[in-house]
Structure formats: structure tokens, C-alpha cells
Amino acid sequence: MMRQFIQFVTVMVLCFSLSAMAQELPSPFMTSAFENLNVREGPGTTYLTAARLRTGVQVRIVERNSIGTWVRVQQTLVDGTLFLDGWVLSGLLTLNPELRFSEVPVTALPDGLPENAESPSLRPLYAVPVIPAVSPDMRAVYQRGLEGRQYTHVITKIGDSVSADTLYLTPMSRPGADLGAFDYLRDSLNFFGASTQVESVAARLGMNSYAVFDPMWANSDLCQQGESPLICELRRKKPSVALIMFGGNDVLHMDDAEYSVQIRRLVDETLAEGVIPVLSTFSAHPNLPLWGQSIAFNTRLVEIAAEYQIPLINLWLAARPLYDYGLEADGIHMKHWGTETLRLDDSFPAYSGAALRNLLALRMLDEIRRTVFLDATAIG
Amino acid sequence: MNAKMNAGWIIGMCALAVLLAGCGGGEPISDPADVAQRYMTAKAAGDGDTIRSLLCAEREATWESEAASFGNVDARIEDAVCTRQGDSEIVSCTGAIVAVYGLDTNSFPLASYRMTLEDGEYKWCGEAS
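Each protein sequence line maps, in turn, to chains A and B. Counting from 214, one number per residue, gives the positions in the first sequence under this note's numbering. Counting from 12, one number per residue, gives the positions in the second sequence under this note's numbering.
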């Protein structure tokens, strides 16, 4: 009897000790929201709202989308019953500094449900993922680039003032750039980061998808006479990947048919140089007059990417849950909060359009590096 | 008879005038320096009709692109002076297209351009190499 009592006391002491240790060392998967959030049935705004998560309530992260911008959280009651289970934006959570998204399982749920779109015209934009799988066709482009002595680890950007922004991509070149929970992107950051230091002559303020072919817009100190900014940039930098985004400005002066012609030309000329073109939809505000036109432009981008089998970052979809859709008051430029713009998990200051766009670019590059590059560890 | 002679004289003079005008057809109606300057002014203004009328046949397909290139900025031409290089088909221009985008102003210097003579008119045909 006495022996049983001692065993019981020992077990109890052990349990209490473990419990105390658990309290001292909270699991990195535990988190809380820093403002009241909608909890959805899946990783996107087209999924139904299932519940509300109140500020400060402790929940456990059990799953994430392919990027880490949405996480599935669960709240379990003391008696072990599941009280809350659904998806929230990771950018609105206070994440444990020890959390590593590489340790969080990735869901198979799609980013959007077209059937739940607010209007039929939006369905094509909800139907494509934020970051797609890269087509095997891109391997042939990459091979052609290697034959043309393209540098595997070099990337560039092509676009208007939204891309010329000095906080777009260039933070990737900072030594020791902090990725927070997005640790799984570290290898790709190291692989491509340094190349983002070099300014692009094909990303300029006021440039549109016509001007990128106009030699007058080329930097006369760096480009050859009669050379367009696009060809000049591809010649001097010899990148393996070009991140292309026009639209926010073009929509003010062009129709979607003209835009489509220009984007096709951009894709054709980039592919011809053995460079993988990565298109991107652009964010748009539904309350602005050119909303309909923006949707038409973005839909053309989706069609062109599908036709050419080239990667497309669906920034439009990813920016839907952001305040003002991640945009400044002008409805064109991505909003900044500070200068640490490589991640979306550093509480409110990081929860901006600029941070999201950098994160998606890095995630897309990661996908390309892992699936297309033959020797993804090679440098130079 | 007199009336017939007068009519013949008038017709003859007209034919001579036409012939002389034809002989003088070797001289271009337009000045290449003036065409280049008008072209660059139209480009800054996004004036598609003028651009189309001044573009050489070889570059006709690019008129829309040329007209829209400064479409996203508030552009104007400043201090433009164009001069023909001797009797060549090259025109050198100084001055610039000044483009304002938001709070930023960028200057796009004018350069030397190739002009071609087509049907008695000089046409703008891109930057000279």
C-alpha cells in the first residue's frame, strides 16, 4: 500500500514538473492574434468564415498554405475538446520567435474558391494559385539560358515605379536578412540575394509596357545606342529569371487588348534571351474607378501565363485580405511599413503590400530554384 | 481662231508650269531638322496622328508604341534644337523630353536621328547608330 502511494506521488510530481516545464517553454506553434480575426474554413478570403478569434487567445498552429501567409489554428479546451479550428492570416498573429514554417505541414487546399467569387468576372483570378507549380517547359528555357551564358543565381526586375521601388527585392541582398518564421526560404535567399543589389535599367518611374521597348527610356550610360531598356537589362545582367510586373499604371492609359499585345511581346523577347519570365498580377482597389479594367488586365495576364506555361505570381489574390489591398492611397503603389520587407510575420508593421510582394517573389524564386535548376546549389 | 490660239497658249503654259514643277520635284518639301523636332514634340505629347505621319515606312508598325511611350508621365519637350549634319540624313538634336511622375522629374536627352526621304518628305527613322 505504502509502495503504491509512493508511486502515485512520484507520478504526480513528475506530471506537475512536466507541466511547469511546458509553461516555462511554450511550444513555438502556440500563438495569438493581435487583433480580432475572422477564422475561415480554408486559406483564403473565398472560404466561409467559421468563427472569430479574439485578441490574445492562445491557439496552436497546425498547418499552413504553401507560403505561410495563412495558417490553420486550433484552440483546445482544458478537457481536450476542440473549440476552434480554422484558418487565419499569419501576418496578424504574434508568432513565437522560435516558430519555423519548415516544421509546419503544408495544406493541399487551394488558395481560392472561384465558385465563391463576389462576381463571375473574378473567377479566373481566384482559380489560379498565388504561387504555381513551375512547368517543366521552363527547364528548356533555363538550359537555353545556360548555353547563352546566363547566370543561374542572377535575377532581375522589369516594370514601372512599383517595381523600381528600392524596397522591392533589394532587401534580399542585406547580409543576415531576417526571414523570421519563413526559414524554408533561406537557401533561395542566399542563392539569389546578392544579385538584387544591382539596379535594373528596365524598372523605372513612369515606365509602361510600351516604354520598356523604347531606346529613349534606356540608360545612355549603361545601354548601347538604339537598345531598349529590356534588351539592355538582359544583356548586361544576364539573369536566369526576370520578375515582370506592369499594369497599375498601364491601366490608366491602355485597354486590355493593347496591354495583352505588350505583355506577349515582353514574354517573347524574354524567352528568346533564355530568361524565365515570371509575370505577376497586380493589386487593385474595388472602390477605385478602374477596378473593372484592372480585373480585365489581370485576367489577360492569367491567360498569357497559361498559354506560355510560364510562372505567374497571383499578387492580386494574395493581397485581397490586406488593408486597402496592400496599396497606398493612390491605388497603384504597394504600401510600406518600415524597411524590413522580406516577411509577413512581424506583427502589424510588416503587414504591408511591399512585404507581401517581396515574400511572394522569394517564394516563387524558391519554387523555380528547387524544380527547374539542375544544380540548385551552384553559385555563379 | 484667236480664241483657239489663246486656249492653246494657256494649255501650253500650264503644261510648262507642270513640267517645271515636276523638274523641281527633286527638292524635298520638308526640312529634316524640322521633321525631327516635330516628331520629338509629338512623342512627348503622345500625338499619335503626327507620329504616324512622320514615321518612316520601315518603322510604321511602331507608331502606337512610340505614341504611348510617355503615356504614364506628364511629358514636355524642353530647349529642343535640331540640326542636320551637312547633307547627310542624320539630324542631331539637343534638349530633352522632361517627364514628371508624381514628385519625380526625369530628363530624357534628345539624340541623333536617322531621317529618310520618302515621296519627297523626310521621315523620322529611329536613333542614328
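Where is the CB? At the ideal position from N, CA and C, for every residue including glycine.
For residue i, return the contacting residues in chain A, with the cut-off set at a CB-CB distance below 9 Å.
{"i": "Ile115 of chain B", "result": "With the sequence shown as reference, residue 115 of chain B is identified as Asp, and Ile is not the correct amino acid for it. Simply Ser374, Leu418, Gly419."}
Between residue i and residue j, what straight-line distance do the alpha-carbon atoms span, to the nearest angstrom?
{"i": "Phe81 of chain B", "j": "Asn421 of chain A", "result": "8 Å"}
{"i": "Lys450 of chain A", "j": "Asp427 of chain A", "result": "19 Å"}
{"i": "Asp42 of chain B", "j": "Tyr133 of chain B", "result": "7 Å"}
{"i": "Tyr423 of chain A", "j": "Leu306 of chain A", "result": "42 Å"}
{"i": "Asn309 of chain A", "j": "Gly389 of chain A", "result": "19 Å"}
{"i": "Thr259 of chain A", "j": "Glu446 of chain A", "result": "39 Å"}
{"i": "Leu465 of chain A", "j": "Asp60 of chain B", "result": "20 Å"}
{"i": "Pro256 of chain A", "j": "Pro323 of chain A", "result": "7 Å"}
{"i": "Tyr564 of chain A", "j": "Ile280 of chain A", "result": "15 Å"}
{"i": "Val367 of chain A", "j": "Thr554 of chain A", "result": "20 Å"}
{"i": "Arg267 of chain A", "j": "Val319 of chain A", "result": "25 Å"}
{"i": "Pro239 of chain A", "j": "Gln288 of chain A", "result": "15 Å"}
{"i": "Ser334 of chain A", "j": "Pro327 of chain A", "result": "10 Å"}
{"i": "Trp430 of chain A", "j": "Glu248 of chain A", "result": "46 Å"}
{"i": "Glu159 of chain A", "j": "Ala574 of chain A", "result": "Any property of residue 159 of chain A remains undetermined from this structure, which presents chain A solely from 214 to 593."}
{"i": "Trp300 of chain A", "j": "Thr244 of chain A", "result": "13 Å"}
{"i": "Tyr50 of chain B", "j": "Leu65 of chain B", "result": "6 Å"}
{"i": "Asn500 of chain A", "j": "Thr127 of chain B", "result": "50 Å"}
{"i": "Val347 of chain A", "j": "Arg513 of chain A", "result": "19 Å"}
{"i": "Glu237 of chain A", "j": "Glu311 of chain A", "result": "Per-residue confidence for Glu237 of chain A stands at a pLDDT of 49, beneath the threshold of 50, marking its modelled position as unreliable; no derived number is given."}
{"i": "Gly439 of chain A", "j": "Leu121 of chain B", "result": "12 Å"}
{"i": "Gly269 of chain A", "j": "Ala110 of chain B", "result": "50 Å"}
{"i": "Tyr472 of chain A", "j": "Phe459 of chain A", "result": "9 Å"}
{"i": "Asn83 of chain B", "j": "Glu138 of chain B", "result": "22 Å"}
{"i": "Ser232 of chain A", "j": "Asn462 of chain A", "result": "With a pLDDT of only 48 at Ser232 of chain A, under the threshold of 50, the placement of this residue in the model should not be trusted, and no figure is reported."}
{"i": "Ala107 of chain B", "j": "Arg87 of chain B", "result": "8 Å"}
{"i": "Thr105 of chain B", "j": "Ser433 of chain A", "result": "15 Å"}
{"i": "Asp558 of chain A", "j": "Val286 of chain A", "result": "15 Å"}
{"i": "Val341 of chain A", "j": "Leu525 of chain A", "result": "9 Å"}
{"i": "Leu535 of chain A", "j": "Gln475 of chain A", "result": "29 Å"}
Answer yes or no: does any C-beta atom of chain B fall closer than 8 Å to that of residue i?
{"i": "Ala542 of chain A", "result": "no"}
{"i": "Gln236 of chain A", "result": "Bear in mind that a pLDDT of 48 at Gln236 of chain A, under 50, signals an unreliable position, so the number given afterwards is only what the model happens to contain. Answer no: the Cβ-Cβ gap between Gln236 of chain A and chain B never drops below 8 Å."}
{"i": "Leu466 of chain A", "result": "Before going further, note that residue 466 of chain A is His rather than Leu in the sequence given. By this cut-off, His466 of chain A is an interface position."}
{"i": "Met458 of chain A", "result": "no"}
{"i": "Met351 of chain A", "result": "no"}
{"i": "Tyr381 of chain A", "result": "no"}
{"i": "Asn432 of chain A", "result": "no"}
{"i": "Tyr423 of chain A", "result": "yes"}
{"i": "Asn462 of chain A", "result": "yes"}
{"i": "Met429 of chain A", "result": "yes"}
Check the Cβ of residue i against every Cβ in chain B and list those closer than 7 Å, keeping chain order.
{"i": "Phe426 of chain A", "result": "Ser76"}
{"i": "His498 of chain A", "result": "Going along chain B, no residue has its Cβ under 7 Å from His498 of chain A, so there is no contact; the nearest lies around 18 Å."}
{"i": "Ser441 of chain A", "result": "Near Ser441 of chain A there are no residues of chain B at all, since even the closest Cβ is about 10 Å away, more than 7 Å."}
{"i": "Gln438 of chain A", "result": "Glu138, Ser140"}
Should residue i be flagged as near chain A, meaning a C-beta pair shorter than 8 Å?
{"i": "Gly137 of chain B", "result": "yes"}
{"i": "Ser140 of chain B", "result": "yes"}
{"i": "Arg95 of chain B", "result": "no"}
Against residue i, what residues of chain B qualify as contacts under a CB-to-CB distance less than 9 Å, listed in chain order?
{"i": "Tyr472 of chain A", "result": "Simply none; closest approach about 11 Å."}
{"i": "Met577 of chain A", "result": "Near Met577 of chain A there are no residues of chain B at all, since even the closest Cβ is about 26 Å away, more than 9 Å."}
{"i": "Met547 of chain A", "result": "Simply none; closest approach about 15 Å."}
What does residue i touch in chain A if you count any residue whose Cβ is under 8 Å from its own?
{"i": "Tyr124 of chain B", "result": "The premise fails here: Tyr124 of chain B is roughly 11 Å from chain A at the closest Cβ pair, so nothing lies under 8 Å."}
Below 7 Å on C-beta distance, what does residue i contact in chain A?
{"i": "Ala110 of chain B", "result": "Gly419"}
Nearest chain E C-beta to residue i closer than 8 Å, yes or no?
{"i": "Asp58 of chain B", "result": "Considering every chain present, this structure includes no chain E. Its protein chains are A and B."}
Report whether the distance from the Cβ of residue i to the nearest heavy atom of the ligand ZN is below 7 Å.
{"i": "Thr409 of chain A", "result": "Ligands displayed in this structure: none; no statement on the ligand ZN is therefore possible."}
Query raised in the report: What residues in the region 62-89 of chain B have a beta carbon less than 8 Å from any beta carbon of chain A?
Result: Glu75, Ser76, Glu77, Ala79, Ser80, Phe81, Gly82, Asn83, Val84
Query raised in the report: Do three or more CB pairs link the region 92-108 of chain B to the region 60-77 of chain B at distances below 8 Å?
Result: no
Query raised in the report: At a Cβ cut of 7 Å, what residues of the region 42-57 of chain B count as close to chain A, listed as they run along the chain?
Result: none
Requested in this report: State whether the region 352-359 of chain A contacts the region 406-419 of chain A, with contact taken as three or more CB pairs (one from each stretch) at a distance under 8 Å.
Outcome: no
**Report entry** the region 288-297 of chain A contacting the region 362-381 of chain A, beta-carbon criterion three pairs below 8 Å
**Finding:** no
Query raised in the report: Touch check for the region 395-402 of chain A and the region 484-502 of chain A: three-plus C-beta pairs under 8 Å?
Result: no
Query raised in the report: Does the region 80-96 of chain B touch the region 44-57 of chain B, meaning 3 or more C-beta pairs lie closer than 8 Å?
Result: yes
Query raised in the report: Touching or not, the region 566-573 of chain A and the region 542-550 of chain A, by the rule of three or more beta carbon pairs under 8 Å?
Result: yes
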